[in-house]
Each structure stands twice: as C-alpha cells, then as structure tokens.
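**Student:** Before I ask anything, let me first share the structure, which is written out below as structure tokens.
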Amino acid sequence: MTVIAAPPQAPQTASPLVRETPRLTSGRLPKWAPWGLLGASALISAIVFGIHSLASGETFSVAGWAVVGAALYLALILLISSLVEGSRKGLDRLVTGLVTLAFAIAMVPLVSVAVTVVVNGMAGISAEFFTNSMRNVVGEGGGALHAIVGTLLITVAAAVISIPIGVFTAIYLVEYGEGKRLSRAITFLVDVMTGIPSIVAGLFAYALFALFFGPGIRMGIMGSVALAVLMVPVVVRSTEEMLRLVPNELREASYALGVPKWRTIAKVVLPTSVAGITTGVMLSISRVIGETAPLLLTAGVATSMNYNLFDGRMMTLPVFAYSQYMNQGIPASAYIDRAWAAALVLIVIVMLLNLIARLVAKIFSPKLGR
Amino acid sequence: MTTTTAPAPARIGGTRRQRPGDRWFSGTALAAGVMIVVTLAAVAIFLIVQSIPGLVADSRTASILSGSFWDYVWPLAFGTVWASMLALVLAVPLAVAVALFISHYAPRRLSQALGYVVDLLAAVPSVVYGLWGILVLAPAVQPVYAWLNTYVGWFPLFGGTVSSTGRTIFTAAIVLAVMIVPIITAICREIFLQTPVLHEEAALALGATRWEMIRMAVFPFGRSGIISASMLGLGRALGETMAVAMVLSVSGKVTFELFTSENPGTIPANIALTFPEAYGVNVNVLIATGLILFVVTFAVNAVARWIVSRRSEFSGAN
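One line per chain: the protein sequences are P and D, in this order. Read in order, the letters of the first sequence are residues 1 to 370 in this note's numbering. Read in order, the letters of the second sequence are residues 1001 to 1318 in this note's numbering.
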C-alpha cells in the first residue's frame, strides 16, 4: 500500500545507459523482517535479564524485560529500515511500532485490573457473602447481601426516574424541537451535563433533600436522584442518536396514511429504534451502578438490611467495597477480602450489562434493507 | 385537479395540531426537555445557596478551617489541577496513539472489537481502580520512584523524600490517566475515522508513507477534535473522586514534587473523605468547594463542547 512505486519506472524513461532495472521489492525489507527483529530483541532482552537475575540472585523482572525489549526493537527497526529503505520509511516503521506499543501499554492496566480482581475476589466469595448482611459482624464472616439489595433498589429507582425523562427529551429534540433555540440549548446543556463530576451530583442531591428534611439526612432515594442526574444525559444522547437513525421515509409513510404524529412516534419511530435505546439505557445503568462518591454522600454507610428507599441509610456495593477497605478492623485480611469480593461482584455486573447491551444492539437492531 | 389538491395539505396541517393525543405527547416531550434545563439550574442554585455560609466561614464558625475559606481551598484547588494536568500529560499521547492504532493500523476486521476492549477500561468502576491503585500499582511503581529519586533527584520534580508506600500524586495521576484514556480514545477514534478518504488516498498516491499520510491528512483534520477530547478528559479527571481519595496520601502541602508522601489533596477526594463525618457549617464549606469544582468543570466542558460543535458545522460539507 505504501510502496514507493516511482523508482522502477524512472530508469525506463531516463537514459538507456542505466544499470539493470531494480525489482519491485528491492530496497525493501521482507515481510518477516519486523517480526524477526521483534523476536530477536525479545530474545536479547531475555538473555540480558536472565544473566542478570542468575548473577544477582534476584527474580526475573518481566517489566524490565518488556521495556528493554520494546526499546531495542524500536531502535533496531529505525536503524535497519533507515539503512535499507531510506529515512522516511524508517520513521514510518518506527511510528508503527510506537502506536502498537501504545495499544499494548493501554491494555496493561485492563489485564492487570481484571486478573487482580478475579484472583483476590475469589478468596472472599462464598455462600455466606451472598446470604448475610454485616449486621453485628466484627472481623471475619458476614456478607454483602444488604449492599447488593441496596444497589439494586437505588439503581432501579434511578432508572425509573431517568429513563422517561431521557427518552422524552430525546423525542423532543428529534421530533419536535428541530432548529428551535430551546432544543439547541438543551443539546448543549446535556453535553455539558455528561461532564458533571459525580461528587457534585451527590452534593446536589444532599443540598436538595437537606432543604426539606434538615441537615444530616441520608436516604436511599437521595442516591437515586444523584444517580439520575448522572444518568439522564447518557440516556438522552444515546436515544437521540438512535431516533435520528430512523429513516424519514418511515415517518412520511405513516403521515401519508393519516396517522397522527404522536401515534407515528409511538408506533413507528420508537419500535424501530427500541434495540438501540435499550442498549443506551443499559450502558447508562452500567455507568452509574459503579458510582461510589455520590452514594457515599447521600445513601451513606449501613451494616443492616434496608428495603425502604425513603427511610434511613442504605448500603451499596461500591460503598461497601470502599468502606471495607478504608475502615479495616482485625483481622485486616477479612476486610480486604470482602472489599475485593465486592469489587468482583460489581465488575461482573458491569461487564454483564455491557455484554448484554452489545448483544441486544447486534441481534435486535432493525435491518434497514441496505 | 388543482382545486382538490391545494386545500389538502392545509387541512392535514390544521387538524394535526388539534388532536389531544398530539398535544399531550408533545407537551410531555417538551416538559422532559425543560426538566433538564431546570435540573441543571437547580444544581447550580442549590449549590450556591448551600455554599454561601461556607464561603464566609472562618475558623470560629467551622471547625475544619484553620484560617479563612480560601486558605482551606487553595492547596486542594492546586492539587486538583496538578493531578489532572499530570494525568492529561500521560493520557493524551497514549490515547491519540491508541486511537490511531484502532483507526489506521489495526486490521479492519479487528478494529471494532479493539474499540470495545478499550471501552471496557471506561466501564471499570472507579472504586475498583482505587483498590487496584493502592494494592497493586503503588507497590509496583515505588521502586521506580526510589530509583529516580536517588539518581535523578537533582531534577526538581523528582526531589524530596521519596514515599515508602508509593501512594504519591504521580500514582494518583497514573490511575486518573488510565481512567481518562478510554474517553479521549473514543472521541479521537471517531474523528480520525471521519477524515475524508480522498485526502488520505491523495497523500498516499503522492508517495507518502503511512505516517506522512497521517501527519498531512489525519492530524490537520482532527486537531480540534483532539483538543476537545483532551478537555473532556480533563473535565473527567478534575471531578474523579474515589480513586484519588483511596490512593493519595494527603498532607495539605503545596508542592510540585511527584514522589513524596506529602501531597496536596484534591477537592472531590477531600469531600468524599470528610463529608460523611462533617456537621454544621463544615458541610457548607465542603459544598462550597464542590461549587468551585462544578464551575471549573462546567467551564472546561463547555469550551470543549463549543470547539466540537463549531467544528461539526464545517466537517459535514467539505
């Protein structure tokens, strides 16, 4: 693709006393060259670090091996390619290496987080973890049932608040507000709202409820309000995008049959885009279900079961993980195990929501002919 | 013919407005839209109302203040900006490179799957990043800090007494960078993919290598997108709470040194750590710091969105 194709033609048109016509592939490294260099630099680096670890008695440093190997490869490919193919191609190969390396670096934390959470989390997972609360538990034992119930209740309440608002706002933006000032203002504010720090949403919910119920108030529903503030903009954006994908021909066909606008929206536009909207809603739920800061300020910390959103403190999974880590008792390992187990449960829920959302988008999206 | 067709559209247009179902439906939609504007206004108003007692408080009225409110906020504001800037410096080059890898280097069939994988980074809850940062990352990077401090300690940023736990502002910045990379990557990827294919092919046809094509066609097209993506990442980093609250060991000292255990705190982390036990005017002081955070992130996000929207008007046609 990036072959410099000019040189082979040049000699033909130039003077006849040129040396033999170069082949198309001459002046280029063979296809296997980068891979060979990569393997060679990995090997050299391994040998260096192997000798070092044997000599000093330390364990083999995987991080050091990767860093030196990558640096060696970049230096070699730049040097060799510059000599064989010219400096421009050499730079190109260097950048290719750098960009691939960047992707590998970005994967390191993901893999590390996944492995740590699974390995450490399995230690704390037991039947007791899913069937007990932390009521009257000091030290070992106890579970996160109260936190799981709290997370479910608060998230469902947040979804009940934000899905109608979000979906109807998107309908307004797409179907009614075309080109109006208000709709442009809403679009802008929704965009800005996606960037509200989660802790500010928590402070807002606290300030709102403290005004009516007095200072120091903690309730599950406050957490739902805070989460809804974070969730609404995500729902609006994704729903809006999906509604805009509905072809105008469908709407016009419906109008032509004399169907009123609201029935067109309810019976034609929404069913067409329902898969995409579901995906957006699930992604927004997966975003807020892991929020810790606003829930810490609003729903608070509790050790007992609480099924009532409108009365008293309520535990949630992220806050459970946080408080288990921050307020360690004796033995500390019991608390850290519970924190990791809660993190594992949380991450599994989030990943499942993400996965199901993608599957819904893939399977149920309307086939639009083309 | 003409007499029968002319009135028809007028009649449809006339009756459509008057149906009760229509009026109800459009009214609900409008109300939902207005609700968002009202909510945002309410966020601002409630925060302002609740923070006024905090803004004028001093050490006599609020127990967490040792001097005036602004003496309390200054190290926190500094820490917030400093940690976010460090995170941005780490994240932007990485995110742009990852976006390039996905949009222009990876095999076509893989690129969408790779995009999902990067998005997964954004899906990990912040409390999990906090646990990971404190129990895995901090011990792992501490030897590097010690080495840099010993051998390159003359460089001001690396000086001071090195932390023995690794819970420094640089570790917090690394965690923040990991959290904002997927956001910046997602936007950059979208924008790189929008580069007109004709520009790219023209560059290649002139004999440019792939990197020269990217420098000549992709980057000039996506520059404002990269800037606004970075600003959105900055907004997220400024407001990120739990990871910083768990990782950073705070002393309230204003310093640029990266590897010491005496670090300035950040506004959101400070709220999360102090709020559960706060009472009286202390609550208002904390809400006032939250208001400052809200104003700053609002401004950063608004500018970023403005850049994006200004650009989108031009990108469609040409």
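The beta-carbon is built from N, C-alpha and C at its ideal position, and this holds for glycine as well.
For P:T194, which residues of its own chain have a beta-carbon under 8 Å away from its beta-carbon, when the five flanking residues on both sides are left out?
**Tutor:** Residue numbering aside, residue 194 of chain P sits at position 194 when the first sequence is read from its first letter. The residues are P233, V234 and R237.
**Student:** First and last residue of the alpha helix (DSSP H) that includes D:P1196?
**Tutor:** Translated into positions along the second sequence, residue 1196 of chain D becomes position 196. It is not in any alpha helix (DSSP H) - D:P1196 carries neither H nor E in the DSSP assignment.
**Student:** So which residues of chain P does D:G1239 contact, with C-beta pairs closer than 8 Å?
**Tutor:** Counted from its first residue, the second sequence places residue 1239 of chain D at position 239. Chain P residues near D:G1239: G195, I196, P197, S198, I199 and V200.
**Student:** Can you check whether the CB of P:A253 is closer than 9 Å to the CB of D:V1098?
**Tutor:** In the second sequence, the residue the question calls residue 1098 of chain D occupies position 98. In the first sequence, the residue the question calls residue 253 of chain P occupies position 253. Not in contact: D:V1098 and P:A253 (Cβ atoms no closer than 9 Å).
**Student:** Terminal residues of the continuous alpha helix (DSSP H) containing D:Y1279?
**Tutor:** The residue given as residue 1279 of chain D occupies position 279 in the second sequence. Segment: none, D:Y1279 is in no alpha helix (DSSP H) and carries neither H nor E.
**Student:** Tell me the rounded alpha-carbon separation between D:L1076 and D:V1308.
**Tutor:** Taking the first residue of the second sequence as position 1, residue 1076 of chain D is located at position 76. Taking the first residue of the second sequence as position 1, residue 1308 of chain D is located at position 308. The alpha-carbon atoms of D:L1076 and D:V1308 are separated by roughly 30 Å.
**Student:** Can you give the Cα-Cα distance for P:Y73 and P:G139, rounded to whole angstroms?
**Tutor:** Position 73 of the first sequence, counting from 1, holds the residue named residue 73 of chain P. Position 139 of the first sequence, counting from 1, holds the residue named residue 139 of chain P. One C-alpha to the other measures close to 51 Å.
**Student:** Between which two residues does the alpha helix (DSSP H) containing D:I1036 stretch?
**Tutor:** Numbered from its first residue, the second sequence carries residue 1036 of chain D at position 36. Its alpha helix (DSSP H) spans residues P1020 to L1055.
**Student:** Who are the near neighbours of D:L1204 in its chain, counting only those whose CB is closer than 6 Å to its CB and skipping five residues on each side?
**Tutor:** Residue 1204 of chain D sits at position 204 when you count from the first residue of the second sequence. Answer for D:L1204: M1213, listed in chain order.
**Student:** Would you mind giving the Cβ-Cβ distance between D:A1140 and D:L1086, rounded to the nearest angstrom? I have them listed as a contact below 8 Å.
**Tutor:** Your numbering for residue 1140 of chain D matches position 140 in the second sequence. Your numbering for residue 1086 of chain D matches position 86 in the second sequence. In fact, because the Cβ distance is near 18 Å, the residues do not count as touching under 8 Å.
**Student:** For D:N1270, which three-state DSSP category applies?
**Tutor:** In the second sequence, counting from the first residue as 1, residue 1270 of chain D sits at position 270. Three-state DSSP puts D:N1270 in a helix.
**Student:** Straight-line CA distance for P:L245 to P:S273?
**Tutor:** Counting from 1 along the first sequence, the entry for residue 245 of chain P is found at position 245. Counting from 1 along the first sequence, the entry for residue 273 of chain P is found at position 273. The alpha-carbon atoms of P:L245 and P:S273 are separated by roughly 8 Å.
**Student:** List in chain order: all unbroken alpha helix (DSSP H) runs of 4+ residues lying wholly within the stretch 242-293 of chain P.
**Tutor:** Complete alpha helix (DSSP H) runs here, min 4: 248-256, 261-264 and 270-288.
**Student:** Say whether chain P places a C-beta atom closer than 9 Å to the C-beta of D:E1212.
**Tutor:** By one-based count along the second sequence, residue 1212 of chain D stands at place 212. Yes, contact with chain P.
**Student:** In the DSSP assignment, the alpha helix (DSSP H) including P:K362 goes from what residue to what residue?
**Tutor:** Position 362 of the first sequence holds residue 362 of chain P. A332 to F364 is the span of the alpha helix (DSSP H), which, as asked, contains P:K362.
**Student:** Cβ closer than 9 Å: which chain P residues qualify as neighbours of D:Y1116?
**Tutor:** What you label residue 1116 of chain D is simply residue 116 of the second sequence in a count that begins at 1. Within chain P, the residues near D:Y1116 are N354 and R358.
**Student:** For the stretch 1053-1069 of chain D against the stretch 1240-1252 of chain D, are there 3 or more C-beta pairs whose distance is under 8 Å?
**Tutor:** Touching, no.
**Student:** With a CB to CB cut of under 8 Å and the five nearest residues on each side skipped, what residues in its chain are close to P:E58?
**Tutor:** As a position in the first sequence, residue 58 of chain P is number 58, starting the count at 1. These residues qualify, in order along the chain: H52.
**Student:** Return yes when the Cβ of P:A144 is within less than 9 Å of the Cβ of P:R338, no when it is not.
**Tutor:** Sequence index remark: in the first sequence, residue 338 of chain P carries index 338 (1-based). Sequence index remark: in the first sequence, residue 144 of chain P carries index 144 (1-based). Yes, the Cβ-Cβ distance between P:R338 and P:A144 is below 9 Å.
**Student:** Kindly list the residues whose CB is nearer than 7 Å to the CB of P:T264, restricted to its own chain and excluding five residues on each side of it in sequence; keep chain order.
**Tutor:** Reading the first sequence from its first residue, position 264 is the one you call residue 264 of chain P. Once the five neighbours on either side are set aside, the close Cβ partners of P:T264 are R251, S254 and Y255.
**Student:** How big is the Cα-Cα spacing for D:A1208 and D:V1218?
**Tutor:** Sequence index remark: in the second sequence, residue 1208 of chain D carries index 208 (1-based). Sequence index remark: in the second sequence, residue 1218 of chain D carries index 218 (1-based). Rounded to whole angstroms, D:A1208 to D:V1218 spans 13 Å at the Cα level.
**Student:** Are any of the Cβ atoms in chain D nearer than 9 Å to that of P:L79?
**Tutor:** Stepping through the first sequence from its first residue, residue 79 of chain P is reached at position 79. So, not an interface residue.
**Student:** Name the chain D residues whose beta carbon is nearer than 8 Å to that of P:V229?
**Tutor:** As a working note, residue 229 of chain P is residue 229 in the first sequence. Simply T1039 and V1043.
**Student:** Between D:F1158 and chain P, is any beta-carbon pair separated by less than 9 Å?
**Tutor:** Start at 1 with the first residue of the second sequence, and residue 1158 of chain D comes out as number 158. By this cut-off, D:F1158 is not an interface position.
**Student:** Between P:A147 and chain D, is any beta-carbon pair separated by less than 9 Å?
**Tutor:** Taking the first residue of the first sequence as position 1, residue 147 of chain P is located at position 147. So no, P:A147 is outside the interface.
**Student:** Would you mind reading off the limits of the alpha helix (DSSP H) that contains D:P1143?
**Tutor:** As a first step, residue 1143 of chain D is located in the second sequence; it is residue number 143 there, counting from the start. First-last of the alpha helix (DSSP H) with D:P1143: A1138 to Y1151.
**Student:** List the residues that DSSP assigns as beta-bridge partners of D:S1068.
**Tutor:** For the purposes of this step, residue 1068 of chain D is taken as the residue at position 68 of the second sequence. Paired residues: D:D1058.
**Student:** So, P:V115 versus P:A343, is the Cβ gap smaller than 9 Å?
**Tutor:** Numbered from its first residue, the first sequence carries residue 115 of chain P at position 115. Numbered from its first residue, the first sequence carries residue 343 of chain P at position 343. It is not a contact, given that the beta carbons lie outside the stated cut-off.
**Student:** Just to confirm the assignment, what range does the alpha helix (DSSP H) spanning P:P34 have?
**Tutor:** Residue mapping note: residue 34 of chain P aligns to position 34 of the first sequence, counting from 1. A33 to S56 is the span of the alpha helix (DSSP H), which, as asked, contains P:P34.
**Student:** Extract the residue ranges of the alpha helix (DSSP H) inside the stretch 1096-1140 of chain D, only unbroken runs of 4 or more that lie entirely within it.
**Tutor:** Entirely contained in the stretch 1096-1140 of chain D, the alpha helix (DSSP H) runs reaching 4 residues are, in chain order, 1108-1123 and 1126-1132.
**Student:** Measuring only the C-alpha atoms, how far is P:F168 from P:L352?
**Tutor:** Your numbering for residue 168 of chain P matches position 168 in the first sequence. Your numbering for residue 352 of chain P matches position 352 in the first sequence. Straight-line Cα distance between these residues: approximately 27 Å.
**Student:** Is P:V200 closer than 9 Å to D:L1206 when the C-beta atoms are compared?
**Tutor:** Here the question's residue 1206 of chain D lines up with position 206 in the second sequence. Here the question's residue 200 of chain P lines up with position 200 in the first sequence. No, Cβ-Cβ distance for D:L1206 and P:V200 is not below 9 Å.
**Student:** Could you have a look at D:N1391 and say whether DSSP puts it in helix, strand or coil?
**Tutor:** As shown, chain D starts at 1001 and ends at 1318. That puts residue 1391 of chain D outside it, with no answer to give.
**Student:** Taking only beta-carbon atoms, is D:Y1151 less than 9 Å away from chain P?
**Tutor:** Taking the second sequence and counting its residues from 1, one reaches residue 1151 of chain D at position 151. Chain P contact via Cβ: absent.
**Student:** Could you tell me which residues DSSP puts in a beta bridge with P:V99?
**Tutor:** Mapped onto the first sequence, residue 99 of chain P falls at position 99. Paired residues: none, contrary to the question.
**Student:** What number of angstroms, rounded off, separates the C-alpha of P:A361 from the C-alpha of P:T279?
**Tutor:** Residue numbering aside, residue 361 of chain P sits at position 361 when the first sequence is read from its first letter. Residue numbering aside, residue 279 of chain P sits at position 279 when the first sequence is read from its first letter. Distance between the alpha carbons of P:A361 and P:T279 is about 6 Å.
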